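These protein sequence lines map, in sequence, to chains A and B.
Residues in the first sequence are numbered consecutively from 30, following my numbering.
Residues in the second sequence are numbered consecutively from 30, following my numbering.
Glycine included, every Cβ here is placed at the ideal spot set by N, Cα and C.
All figures in this text were calculated on a predicted structure; none of them were measured in a lab.
What follows is one structure encoded as structure tokens, with my remarks underneath.
2 protein chains.
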Amino acid sequence: MHSSASMCQTAADTASHDVPEAERLMADVIESGDDADTQATSVAKIAALYHLNAGGQRIRSRLALDSAHCLGLTTRDGIALAATAELLHNASLIHDDPQDRDQVRRGSPTVWVAYGDEVAICAGDLLLSAAYATVACVSCTDMLPSLVKLVHSRITQAIGGQCAEFSPAPVHLFNTDVYLKIATAKSGALLGLPVELALLAGGYRGALQTTRATADSFAAGYQIYDDLCDFEIDLARDTAAPVLNIVLVLKKNNGLSIRDAWESAQKLCLMHLEAAASSTDLPRQSGRLFREMANELHARLKDKCIQ
Amino acid sequence: MHSSASMCQTAADTASHDVPEAERLMADVIESGDDADTQATSVAKIAALYHLNAGGQRIRSRLALDSAHCLGLTTRDGIALAATAELLHNASLIHDDPQDRDQVRRGSPTVWVAYGDEVAICAGDLLLSAAYATVACVSCTDMLPSLVKLVHSRITQAIGGQCAEFSPAPVHLFNTDVYLKIATAKSGALLGLPVELALLAGGYRGALQTTRATADSFAAGYQIYDDLCDFEIDLARDTAAPVLNIVLVLKKNNGLSIRDAWESAQKLCLMHLEAAASSTDLPRQSGRLFREMANELHARLKDKCIQ
Chain A
30 MHSSASMCQT AADTASHDVP EAERLMADVI ESGDDADTQA TSVAKIAALY HLNAGGQRIR
90 SRLALDSAHC LGLTTRDGIA LAATAELLHN ASLIHDDPQD RDQVRRGSPT VWVAYGDEVA
150 ICAGDLLLSA AYATVACVSC TDMLPSLVKL VHSRITQAIG GQCAEFSPAP VHLFNTDVYL
210 KIATAKSGAL LGLPVELALL AGGYRGALQT TRATADSFAA GYQIYDDLCD FEIDLARDTA
270 APVLNIVLVL KKNNGLSIRD AWESAQKLCL MHLEAAASST DLPRQSGRLF REMANELHAR
330 LKDKCIQ
Chain B
30 MHSSASMCQT AADTASHDVP EAERLMADVI ESGDDADTQA TSVAKIAALY HLNAGGQRIR
90 SRLALDSAHC LGLTTRDGIA LAATAELLHN ASLIHDDPQD RDQVRRGSPT VWVAYGDEVA
150 ICAGDLLLSA AYATVACVSC TDMLPSLVKL VHSRITQAIG GQCAEFSPAP VHLFNTDVYL
210 KIATAKSGAL LGLPVELALL AGGYRGALQT TRATADSFAA GYQIYDDLCD FEIDLARDTA
270 APVLNIVLVL KKNNGLSIRD AWESAQKLCL MHLEAAASST DLPRQSGRLF REMANELHAR
330 LKDKCIQ
């Protein structure tokens, strides 16, 4: 699965002016930890920075910053958690791309294309490790063990989703239920994490379950939206490797025409985005950016037709 | 680089009876963090456990346990740090093997051979993440930020060493100095880490530099010892992909015969092991297992001849 749905800055995105600070922390942590006399690190480091500098929407960074802001965390803590969530997402992209043989991301050659598979593995490892180094920058050190364990838990789930996608099961076994399970494991785990981290750091452990449910609905909607944008590209790839696109899943499993499958996927997407937008309130409106993002995608998709 | 030099249990290895406890913690942390309804994780998890169950000497686990014991840390903390160091080492093996196209490890097919490159990436990620989850189990939570940052620093250095090994530089540029830099970055960083973690947890930050120097000497000796055992295999592979074996490096760079290169490497190995064994004392003898291991390898190699 890949991601091409762009999310504009929304009204609630008040803390997004701190995104550049989170970027700086990410770069600092990637730069640090190196021996001055070991030039060796530079290839993985250069590749990691190449990937980060290619852009991206920083949705997870913005989610962490806004939630942290709502919950009254310090700016520094919000930045640390934003960097953690964003680094993990980017580590997963660098490692997923060679697995899926995706060649272009954010308009540039993917890391494995530009630097080779070996460097891509090392660059992804570097970002995964850096994510833990940034979470260790929070001021509430008494919460650090819980934060680290939450990060590990969500990484485990995201890995599960990724593994399921290239499992040896024949593609016709991928029905809508399996698709949604993979989407929520793979995307929901890391989309919910920034908000969960802010809640946990703020002492709102009880709200994690609701957050995860909202993140799963949003992730399902987001992933389907993405598939709707990409189905023509994925259709062209269909003969080579199995591609997990909900339009193709619905077409194959329900014997639908392309048009009917597309419209069926559209309905499913709107339903999940509505669920995300109408989910239970999180403490101190810390889930408001999720809601706004869900509403924005919903508005964009509602009147869209198959092209 | 690979590792086949086996280390027997030494007299100082008093805490090694806790190795199975560290193994249990490793397995627990790999098992945890999973959604009950996501079967998906199982492939990466199964592959990670397959790798761990194939054996290994658990040198890093034993080093952490013995140092922690010497420094008076709690057994629980020693176990947490042992699991961290051992998980990191195994994560690096799982990710290095497909990079080096090594097919067999510990007598079993490597993870990428048994499960595919994609699963190997995910399984290595899982162990890398699990390493941070285990360090978060230490009781001294005030030290956790420093411990996490130390782990990240050593991972960065190990990645640097690994990257240098498959850098596009022609193999004839790998002289002895470059070889030693790679060996110490790649192996020294993760061999010193268990002792460094114990020292840092015990409040002996000032001893980290000496530890790292000892670890580097030991790593250089250990790696050369390994190369001496493997040079015939590596010689056979020499025509296909460049292999970084000190015997071949000395042969090519110094225009030596195989026998002379082997004996030259043997001398170099003994020199580094002697440096490791005679290094400055670490607090409360926390480096004694390093010293014993260095002495053991030294004794084994001293009278060895090229086969």
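Out of the options, which has the shortest C-alpha to C-alpha gap to residue i?
| i | options | result |
| --- | --- | --- |
| ALA111 (chain B) | B:LEU94, B:ASP125, B:GLY101 and B:PRO127 | B:LEU94 |
| ARG89 (chain A) | A:LEU155, A:LEU326, A:SER216 and A:LEU257 | A:SER216 |
| ALA218 (chain A) | A:ILE253, A:ASN283, A:PHE203 and A:ALA187 | A:ALA187 |
| GLY221 (chain A) | A:GLY101, A:GLY316 and A:LYS281 | A:GLY316 |
| TYR79 (chain B) | B:LEU273, B:SER137 and B:VAL164 | B:SER137 |
| ASN283 (chain A) | A:LEU102, A:THR205 and A:ARG320 | A:THR205 |
| SER308 (chain A) | A:ALA328, A:ALA77, A:ASP106 and A:ALA244 | A:ALA244 |
| THR170 (chain A) | A:LYS331, A:HIS124 and A:LEU229 | A:LEU229 |
| LEU326 (chain B) | B:LYS296, B:PRO312 and B:VAL72 | B:LYS296 |
| THR103 (chain A) | A:CYS166, A:LYS331, A:ARG183 and A:SER182 | A:CYS166 |
| LYS331 (chain A) | A:TRP291, A:PRO312 and A:ARG87 | A:TRP291 |
Beta-carbon separation of residue i and residue j under 8 Å?
| i | j | result |
| --- | --- | --- |
| ALA294 (chain A) | ALA323 (chain A) | no |
| PRO223 (chain A) | ALA114 (chain A) | yes |
| ALA97 (chain B) | ALA236 (chain B) | no |
| ALA159 (chain B) | LEU116 (chain B) | yes |
| ASP259 (chain A) | LEU277 (chain A) | no |
| THR213 (chain A) | ALA248 (chain A) | yes |
| LEU285 (chain B) | LEU279 (chain B) | yes |
| VAL148 (chain B) | CYS192 (chain A) | yes |
| PRO127 (chain B) | ASP146 (chain B) | yes |
| ILE108 (chain A) | ASP47 (chain A) | yes |
| ILE59 (chain B) | ALA44 (chain B) | no |
| ARG135 (chain B) | LEU318 (chain B) | no |
| VAL164 (chain A) | LEU176 (chain A) | yes |
| ILE275 (chain A) | TYR208 (chain A) | yes |
| LEU173 (chain A) | LEU173 (chain B) | yes |
| GLU225 (chain A) | THR240 (chain A) | yes |
| SER168 (chain B) | ARG105 (chain B) | yes |
Looking at the structure shown, is residue i part of a helix, part of a strand, or coil, going by DSSP?
| i | result |
| --- | --- |
| SER137 (chain B) | strand |
| VAL167 (chain B) | coil |
| ARG357 (chain B) | Residue 357 (chain B) is absent from the structure shown; chain B starts at 30 and stops at 336. |
| HIS31 (chain B) | A caution first: HIS31 (chain B) carries a pLDDT of 46, below 50, which makes its placement in the model unreliable, though a value can still be read off. Note: HIS31 (chain B) maps to coil in three-state DSSP. |
| PHE203 (chain A) | coil |
| ASP332 (chain B) | coil |
| ASN282 (chain A) | helix |
| TYR233 (chain B) | coil |
| ASP310 (chain A) | coil |
| LEU302 (chain A) | helix |
| SER61 (chain B) | coil |
| PHE247 (chain A) | helix |
| THR213 (chain B) | helix |
| ALA40 (chain B) | Note that ALA40 (chain B) scores 47 on pLDDT, short of 50, meaning its location in the model is unreliable; the coordinates nonetheless yield the value given after this. ALA40 (chain B) falls in the coil class under three-state DSSP. |
| ALA69 (chain A) | Below a pLDDT of 50, predicted positions are generally treated as unreliable, and ALA69 (chain A), at 47, falls in that range; no measurement from the model is reported. |
| ALA269 (chain A) | Annotation note: pLDDT 49 at ALA269 (chain A) (below 50); position unreliable, coordinate value reported separately. ALA269 (chain A): coil per DSSP, three-state reduction. |
| ALA143 (chain B) | helix |
| ALA112 (chain B) | helix |
| ARG91 (chain B) | helix |
| GLY101 (chain B) | coil |
| GLY190 (chain A) | helix |
| PHE195 (chain A) | coil |
| ASN274 (chain A) | coil |
| GLY84 (chain B) | coil |
| SER315 (chain B) | coil |
Whose Cβ in chain E lies nearer than 7 Å to the Cβ of residue i?
| i | result |
| --- | --- |
| PHE195 (chain B) | The displayed structure is made up of protein chains A and B, and chain E is not among them. |
Inset, instruction - Could you name the residues of the stretch 168–181 of chain B whose beta carbon sits closer than 7 Å to any beta carbon of chain A, in the order they occur along the chain? - result: The residues in question are THR170, ASP171, LEU173, PRO174, VAL177, LYS178 and HIS181.
Inset, instruction - Below 7 Å between beta carbons is the criterion; list the residues of the stretch 145–159 of chain B that meet it against any residue of chain A, in chain order. - result: Residues GLU147, VAL148, ILE150, CYS151, ASP154, LEU155, LEU157, SER158 and ALA159.
Legend entry - Members of the stretch 102–119 of chain A near chain B, C-beta cut-off 7 Å: Taking 7 Å as the upper bound on Cβ-Cβ separation, chain B lies near no residue of the stretch 102–119 of chain A.
Inset, instruction - Check each residue of the stretch 202–233 of chain A: if its Cβ is closer than 7 Å to any Cβ of chain B, include it; give the result in chain order. - result: Per Cβ criterion, the list reads LYS210, ILE211 and ALA214.
Legend entry - Contacting positions in the stretch 73–102 of chain B - beta carbon closer than 7 Å to chain A: Listed in sequence order: ALA73.
Legend entry - chain A contacts from the stretch 246–261 of chain B (Cβ-Cβ distance under 8 Å): Taken residue by residue, none of the stretch 246–261 of chain B has a beta-carbon sitting less than 8 Å from a beta-carbon on chain A.
Legend entry - Members of the stretch 293–312 of chain A that neighbour chain B once the beta carbon cut-off is set at 8 Å: Those residues of the stretch 293–312 of chain A that come within reach of chain B (Cβ to Cβ, closer than 8 Å) do not exist; the list is empty.
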